[in-house]
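Numbering (the numbering used here), first residue to last: 1024 to 1683.
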């Protein structure tokens, strides 16, 4: 007898071959689990915590497929770090400056600056420091307010006729001018001296009483008594003939002897009348390091170049402060989009670009994109909220704005087309039946009904709002709630008819997302079918399809190539298996001139605007405007702008030209 052969070992079926698990999952005894640092359903496919920054909260960033704080190790050791829109922003603490990404340094102590050096007050003024501020005032004898302090006068013409400009002040020129027993009067700023009645002599020196000689029968022998020479002159008798000459320091000829001057206007413009003589007024007037110029008889003092101060007392050299090197806090810029950085007191300050608004540290936007961004009495034109009335109505018409739409009406007592021309009726209009709905006053997308002789307006079905501003419920998905999409200008559920059989549809940011239900697999946009049961044990030579179940992950197609699975992403999906994904899920996944529509980056303009319009895309949103020469609601329809009213012919005046 032969010995009994040993029993054959029982070979158990491997529940993990083929693997029932999805991509990025591992199988142990038929149980699927996600590989470390991956999450999701291991039977359909596991994914990392994040791929893009937008997959994380705004205060986290996607680094190596994990949402983490991006601040550690980014800024200098003594700098502050804050996260805005996934981006770390470094800044130096108060009292410090520098490059916050390298090193912050304490601010140097402020240099005490004398606000009066150099003086900001201008000429003929004085500067005083009060609470570290410069306080300016005019020096005594000058009027006005800094920096335009000026003398009271520089010429006689600036004073009243009975005053003269003496030492740059309007004063009476008479005191001290005339002699004893003389009287003074001012004519055109000049003093005139005359002897009082019954007195004679030089009125600028002294006048003597006229002594009446007793009448004698003899002929007087002195021809100079009384003097025939007039004031300011002396008489000498030559024989029986008087000879007249002007006194010393007087000019002219008898009887018109006068001083060289009594007012500045009698001297050259570079001289002034001083003690009745034309002299240079500059000597001894200005301070040190100052120069003097005579303008219109008036001396003017100015500090020499490179000097500052009071030119009438002393001028000092201008001090130049040494430059302080300050690091540029705007490099790199801490500002968001459409904002620029300005350096203020050693720190970077962000401000929006002109005509942009918002938080400059996160991003600025234009004043408006749609009419709804403006007050109801304004419309969005060229991204600015403006009055839509100018140029809309015709002559003799007034414009009112209701819900961003300009409406024109003829003035009271006028009739006609308010968009073209309104006229006053020549004669009373016979009261006839007028259909208040012809033409309709309700505006576009509305209907008009006559009730008791009045027009009653209402919006057509599928339009919302109040006439005359009836509008579609939406023009883009961004105007709907996140679980709705704008289809045929209505906010509706985008899911019906999108996903395949036995698939589950969820709406995220207006876009339908299809996925197979639990326990099902397949292409959710075509058909989902139950997971196949584990195959029964088969002989080693039995053929097995390597694509069942698919190892390619969601949104991917598996092809059998020589018993080896070949994975490719389905049409309209990007990436590489097992991480195929739609082209977009939110607008921010697309460039600013496109929007995410049905998970595709597309131009949102087609179908958004009315006829005779121009569409432009700003920040993923379509912006509609009427073509040149057209007016109206660009989201519904634009019509040609009314031509200007014909010029009114003026009545012919039969008297112009006069036939008389």
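Quick reminder that beta carbons are idealized off the backbone N, C-alpha and C, glycines included. If you're wondering where the values come from, they're calculated on a predicted model, not measured in any experiment.
Between which residues of its own chain and residue i is the CB-CB distance below 8 Å, once the five residues before and five after are set aside?
i: residue 1446; result: 1419, 1437, 1438 and 1439
i: residue 1174; result: 1147, 1164, 1165, 1166, 1191, 1192 and 1321
i: residue 1354; result: 1122
i: residue 1483; result: 1468, 1469, 1470 and 1493
i: residue 1103; result: 1113, 1114, 1115, 1116 and 1123
When you compare the CB positions of residue i and residue j, do they come within less than 8 Å of one another, or not?
i: residue 1336; j: residue 1307; result: no
i: residue 1514; j: residue 1528; result: no
i: residue 1263; j: residue 1246; result: yes
i: residue 1466; j: residue 1441; result: no
i: residue 1020; j: residue 1258; result: In the structure as shown, the chain begins at 1024 and stops at 1683. Residue 1020 is therefore absent and cannot be evaluated.
i: residue 1073; j: residue 1085; result: yes
i: residue 1225; j: residue 1209; result: no
i: residue 1363; j: residue 1386; result: no
i: residue 1464; j: residue 1478; result: yes
i: residue 1008; j: residue 1202; result: Since the first and last residues shown for the chain are 1024 and 1683, residue 1008 lies out of range.
i: residue 1684; j: residue 1540; result: What the structure shows of the chain is the stretch from 1024 to 1683, and residue 1684 is not part of that stretch, so it cannot be assessed.
i: residue 1668; j: residue 1444; result: yes
i: residue 1663; j: residue 1653; result: yes
i: residue 1197; j: residue 1182; result: no
i: residue 1139; j: residue 1127; result: no
When the Cα atoms are used, what is the spatial distance from residue i to residue j?
i: residue 1080; j: residue 1124; result: 24 Å
i: residue 1493; j: residue 1509; result: 17 Å
i: residue 1594; j: residue 1356; result: 41 Å
i: residue 1634; j: residue 1655; result: 10 Å
i: residue 1359; j: residue 1097; result: 18 Å
i: residue 1491; j: residue 1627; result: 26 Å
i: residue 983; j: residue 1101; result: With the chain covering 1024 to 1683 only, the question about residue 983 has no answer from this structure.
i: residue 1675; j: residue 1415; result: 31 Å
i: residue 1091; j: residue 1082; result: 9 Å
i: residue 1172; j: residue 1214; result: 29 Å
i: residue 1015; j: residue 1170; result: Lying outside 1024 to 1683, the shown extent of the chain, residue 1015 is not represented and no answer is given.
i: residue 1399; j: residue 1489; result: 12 Å
i: residue 1288; j: residue 1223; result: 29 Å
i: residue 1606; j: residue 1625; result: 10 Å
i: residue 1338; j: residue 1155; result: 22 Å
i: residue 1544; j: residue 1067; result: 7 Å
i: residue 1601; j: residue 1071; result: 11 Å
i: residue 1610; j: residue 1651; result: 30 Å
i: residue 1413; j: residue 1507; result: 38 Å
i: residue 1037; j: residue 1052; result: 8 Å
i: residue 1680; j: residue 1449; result: 29 Å
i: residue 1093; j: residue 1407; result: 37 Å
i: residue 1298; j: residue 1159; result: 35 Å
i: residue 1313; j: residue 1376; result: 48 Å
i: residue 1589; j: residue 1661; result: 54 Å
i: residue 1421; j: residue 1665; result: 15 Å
Using C-beta distances below 6 Å, list every residue in its chain close to residue i, excluding the 5 sequence neighbours before and after it, in chain order.
i: residue 1050; result: 1039, 1042 and 1044
i: residue 1212; result: 1179, 1187 and 1286
i: residue 1460; result: 1471, 1473 and 1478
For chain D, check one thing: does any of its Cβ atoms lie closer than 8 Å to the Cβ of residue i?
i: residue 1584; result: Annotation note: the requested chain D is absent from the structure, which comprises a single protein chain.
Identify, in the order they occur along the chain, each residue of the same chain with its Cβ nearer than 7 Å to the Cβ of residue i, setting aside the five sequence neighbours on each side.
i: residue 1578; result: 1592, 1593, 1596, 1603 and 1604
i: residue 1402; result: 1394, 1409, 1411 and 1427
i: residue 1458; result: 1473
i: residue 1531; result: 1608
i: residue 1586; result: 1569
i: residue 1204; result: 1218, 1219, 1222, 1229 and 1230
i: residue 1295; result: 1287, 1302, 1304 and 1320
*Going along the chain, which unbroken runs of the beta strand (DSSP E) with 3 or more residues stay wholly within the region 1087 to 1151?*
Those beta strand (DSSP E) runs which fall completely within the region 1087 to 1151 and span 3+ residues are 1089 to 1091, 1103 to 1107, 1110 to 1114, 1119 to 1122 and 1126 to 1129.
*Would you call the region 1613 to 1628 and the region 1491 to 1511 in contact, with 3 or more CB pairs under 8 Å?*
The region 1613 to 1628 is in contact with the region 1491 to 1511.
*With a cut-off of 8 Å, do at least 3 Cβ pairs link the region 1105 to 1116 to the region 1133 to 1146?*
Contact between the region 1105 to 1116 and the region 1133 to 1146 is absent, because fewer than three Cβ pairs lie under 8 Å.
*List in chain order: all unbroken beta strand (DSSP E) runs of 3+ residues lying wholly within the region 1363 to 1409.*
Listed in chain order, they are 1370 to 1375, 1379 to 1382, 1386 to 1389, 1402 to 1404 and 1407 to 1409.
*Entirely within the region 1430 to 1501 and at least 4 residues each: give me those alpha helix (DSSP H) ranges in chain order.*
Runs found: none.
*Let me know the beta strand (DSSP E) ranges lying completely inside the region 1249 to 1306, each 3 residues or longer, listed in chain order.*
Along the length of the region 1249 to 1306, whole beta strand (DSSP E) runs at least 3 residues long occupy 1256 to 1261, 1264 to 1269, 1295 to 1297 and 1300 to 1302, reported in chain order.
*Of all the beta strand (DSSP E) runs that stay within the bounds of the region 1603 to 1645, which reach a length of 3 or more residues?*
For the region 1603 to 1645, whole beta strand (DSSP E) runs of length 3 or above, ordered along the chain, are 1618 to 1620, 1623 to 1625 and 1636 to 1641.
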